[in-house]
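**Student:**
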Amino acid sequence: MTEAADKPAEKPAKSPNAPTEETVLSVKHYTDRMFSFRITRPSAFRFRSGEFVMIGLEGANGKPLLRAYSIASPSWDEELEFFSIKAPDGPLTSKLQLIRPGDKVLLGRKSTGTLVHDALTPGKRLYCFSTGTGLAPFASVIRDPETYERFEQVIVTHTCREVGELKYGQELVESLRDDPLVGEYFGRLVHYTTVTREPWPNQDRITTCIEKGTLFADLEVPPLDPAVDRVMVCGSMDMINDIKALVEKAGLKEGSNAHPAEFVIEKAFVG
Ligand code: A2P
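Remember, my numbering sits 62 above the position in the sequence shown when you count from 1.
(1) Give the DSSP bridge partners of residue 215, in chain order.
(2) Quick one: give me the first and last residue of the beta strand (DSSP E) that residue 263 is part of.
(3) Taking C-beta to C-beta, are residue 88 and residue 109 nearer than 8 Å?
(4) Is residue 249 helix, strand or coil when you go by DSSP?
(5) Report buried or exposed for residue 184, applying the criterion of at least 16 other Cβ atoms within 10 angstroms of its Cβ.
(6) With DSSP collapsed to three states, give me the class of residue 64.
(7) With DSSP as the reference, label residue 208 as helix, strand or coil.
(8) Might you give, ordered along the chain, the residues of its own chain that have their beta carbon closer than 6 Å to the beta carbon of residue 207, omitting 5 neighbours on each side?
(9) Expressed to the nearest angstrom, what Euclidean distance is found between the alpha-carbon atoms of residue 116 and residue 86?
(10) Any heavy atom of the ligand A2P closer than 7 Å to the Cβ of residue 271?
(11) Excluding the 5 residues preceding and the 5 following residue 309 in the sequence, name in chain order all residues of the same chain whose CB lies nearer than 7 Å to its CB.
(12) Within a Cβ cutoff of 6 Å, which residues of the same chain sit near residue 264, ignoring the five residues on either side of it in sequence?
(13) Per DSSP, residue 328 is paired with what?
(14) Quick one: any contact between the region 171 to 181 and the region 312 to 331, if contact means 3 or more CB pairs under 8 Å?
(15) DSSP three-state label for residue 101, please.
(16) What residue range is occupied by the uninterrupted alpha helix (DSSP H) comprising residue 148?
(17) Within 10 angstroms of the Cβ of residue 234, are there 16 or more other Cβ atoms? Answer buried if so, exposed if not.
(18) Taking only the alpha-carbon atoms, compute the straight-line gap between residue 260 and residue 189 and give it to the nearest angstrom.
(19) For residue 296, verify whether its CB is less than 7 Å away from any heavy atom of the ligand A2P.
(20) Per the contact definition of three or more C-beta pairs closer than 8 Å, is the region 272 to 279 in contact with the region 163 to 171?
(21) What three-state label does DSSP hand residue 236 in the structure shown?
(22) Below 8 Å on the Cβ atoms is my guess for residue 129 versus residue 160; work out the distance and round it to an integer in Å.
(23) Leaving aside the five residues before and after residue 258 along the sequence, list all residues of the same chain whose C-beta is less than 7 Å from its C-beta, in chain order.
(24) Using the C-alpha atoms, what's the distance from residue 247 back to residue 124?
(25) Could you give the DSSP three-state label for residue 200: helix, strand or coil?
(26) Mapping DSSP to helix, strand and coil, what is residue 180?
(27) Bridge partners for residue 89 per DSSP, in chain order?
(28) Measuring CB to CB, does residue 296 end up less than 8 Å from residue 192?
Take a look at the structure:
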């Protein structure tokens with residue numbers, strides 16, 4: 063037996079980078095596939111609107127089960143909000159969907175991401191293309207006054223399979239009408255919704271709306287133009303790739319925090 067094995071096992075010291083334990087403040091279920099929740103925000107936790115962070119639960123084996131989640135609340139908010147899928151077989155979301163106020167969740171200490179103003183060069187019109195819970199980072203961006211300081215018009219498109227999945231975004235956008243911080247810009251925000259698997263006034267995928275030009279006709283704006291238009295994209299990998307091809311065809315170049323340009327992409331969390 064070695065000397066070390068002789069000693070009682072010491073609990074490893076928590077690394078300064080270990081996630082913090084936060085309290086669930088509220089939970090709202092929209093459909094059997096989507097829900098949102100709010101948690102406490104540590105005073106030291108800083109982020110830029112549009113970024114993501116690791117969120118999770120303590121696993122059965124004592125190891126944290128963490129996944130990247132876009133923060134849906136804006137950077138000025140005292141709480142943190144998330145908009146999540148419920149994947150029946152998802153290792154995290156199958157459990158996370160059961161949280162209730164008062165429960166604990168784990169929050170990573172560092173946020174990051176490319177769906178931020180720093181990654182885009184100045185423009186006139188900002189398009190935020192989202193599908194499903196890919197709306198989350200834009201729920202943050204459209205609540206941030208900086209967005210309206212930078213852009214004359216902000217167009218958020220949200221495409222879902224079912225009508226009920228639009229509700230989180232609809233309620234959010236409506237709440238901004240009288241918002242003390244961004245309410246004055248409400249007239250410059252456009253919420254464009256499409257639903258693909260149930261009856262809805264627009265039943266096309268957003269990619270089809272761009273390709274056919276119906277998006278621009280409906281909004282009464284010219285087609286995508288790298289001189290004035292900037293684009294953020296969040297959704298499934300396939301959706302991102304399809305939109306990327308369309309915006310690149312229109313002449314927009316991909317940006318990053320290090321090299322800002324005309325469009326940025328990020329994959330929505332799915333499991
Ligand atoms: P569809 O119903 O035609 O698949 P998901 O939940 O699978 O991420 O899908 C969310 C929404 O995104 C659905 O309305 C879906 O349309 C749409 N979608 C899925 N893949 C793409 C894609 N490659 N391009 C554009 N929209 C997509």
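Ideal placement from N, C-alpha and C gives every residue a C-beta, glycine not left out.
**Tutor:** So, to answer that:
(1) Numbered from 1 along the sequence shown, position 153 holds the residue referred to as residue 215. Beta-bridge partners of residue 215 (DSSP): 187.
(2) Residue numbering aside, residue 263 sits at position 201 when the sequence shown is read from its first letter. Here residue 263 belongs to no beta strand (DSSP E), and DSSP marks it neither H nor E.
(3) Numbered from 1 along the sequence shown, position 26 holds the residue referred to as residue 88. Numbered from 1 along the sequence shown, position 47 holds the residue referred to as residue 109. The Cβ atoms of residue 88 and residue 109 do not sit closer than 8 Å to each other.
(4) Here residue 249 refers to the residue found at position 187 of the sequence shown. Looking at residue 249 - three-state DSSP - the assignment turns out to be helix.
(5) Numbered from its first residue, the sequence shown carries residue 184 at position 122. It is exposed - the Cβ of residue 184 has fewer than 16 other Cβ atoms within 10 Å.
(6) On the sequence shown, position 2 is the one that residue 64 refers to. Its pLDDT being 43, under 50, residue 64 is placed unreliably by the model, and the measurement read from it follows with that caveat. Secondary structure of residue 64 (DSSP, three-state): coil.
(7) Indexing the sequence shown from 1 puts residue 208 at position 146. Three-state DSSP puts residue 208 in a helix.
(8) Numbered from its first residue, the sequence shown carries residue 207 at position 145. Only residues of its own chain outside the window of five on either side were considered, and among them 243 and 244 have a CB closer than 6 Å to the CB of residue 207, listed in chain order.
(9) Residue mapping note: residue 116 aligns to position 54 of the sequence shown, counting from 1. Residue mapping note: residue 86 aligns to position 24 of the sequence shown, counting from 1. Those two C-alpha atoms are separated by around 15 Å.
(10) The residue you call residue 271 lines up with position 209 of the sequence shown. Between the ligand A2P and the CB of residue 271, the shortest heavy atom gap is not smaller than 7 Å.
(11) Residue numbering aside, residue 309 sits at position 247 when the sequence shown is read from its first letter. Answer for residue 309: 286, 293 and 325, listed in chain order.
(12) For the purposes of this step, residue 264 is taken as residue 202 along the sequence shown, with counting starting at 1. Short of 6 Å from the beta carbon of residue 264, and not among the five residues preceding or following it, lie these beta carbons of its own chain, in chain order: 256.
(13) Residue numbering aside, residue 328 sits at position 266 when the sequence shown is read from its first letter. Note: residue 328 sits in a beta bridge opposite 296.
(14) Taking 8 Å as the limit for Cβ pairs, the verdict is that the region 312 to 331 does touch the region 171 to 181.
(15) For the purposes of this step, residue 101 is taken as residue 39 along the sequence shown, with counting starting at 1. If DSSP states are grouped into helix, strand and coil, residue 101 belongs with the strands.
(16) Here residue 148 refers to the residue found at position 86 when the sequence shown is read from its first residue. Residue 148 -> no alpha helix (DSSP H), and no H or E assigned at all.
(17) What you label residue 234 is simply residue 172 of the sequence shown in a count that begins at 1. In this structure residue 234 is buried. Its beta-carbon is surrounded by 16 or more other beta-carbon atoms within 10 angstroms.
(18) Taking the first residue of the sequence shown as position 1, residue 260 is located at position 198. Taking the first residue of the sequence shown as position 1, residue 189 is located at position 127. In a straight line, the C-alpha of residue 260 is about 25 Å away from that of residue 189.
(19) The sequence position of residue 296 within the sequence shown is 234, counting from 1. No, Cβ of residue 296 sits at least 7 Å from all heavy atoms of the ligand A2P.
(20) They do not touch, by the three-pair rule.
(21) The residue you call residue 236 lines up with position 174 of the sequence shown. Helix.
(22) Translated into the one-based positions of the sequence shown, residue 129 becomes position 67. Translated into the one-based positions of the sequence shown, residue 160 becomes position 98. Not quite, the Cβ-Cβ distance comes to about 16 Å (not below 8 Å), so this is no contact.
(23) Reading the sequence shown from its first residue, position 196 is the one you call residue 258. Cβ within range, chain order: 221, 223, 265 and 267.
(24) Looking up residue 124 in the sequence shown gives position 62. Looking up residue 247 in the sequence shown gives position 185. Separation of residue 124 and residue 247 (C-alpha to C-alpha, rounded to the nearest whole angstrom) is 47 Å.
(25) Within the sequence shown, numbered from 1, the residue matching residue 200 stands at position 138. The DSSP-derived three-state label of residue 200 is helix.
(26) In the sequence shown, counting from the first residue as 1, residue 180 sits at position 118. Note: residue 180 maps to helix in three-state DSSP.
(27) Here residue 89 corresponds to residue number 27 of the sequence shown, with the count starting at 1. According to DSSP, which records beta bridges pairwise, residue 89 is partnered with 99.
(28) For this step, residue 296 is matched to residue 234 along the sequence shown. For this step, residue 192 is matched to residue 130 along the sequence shown. Yes, Cβ-Cβ distance for residue 296 and residue 192 is below 8 Å.
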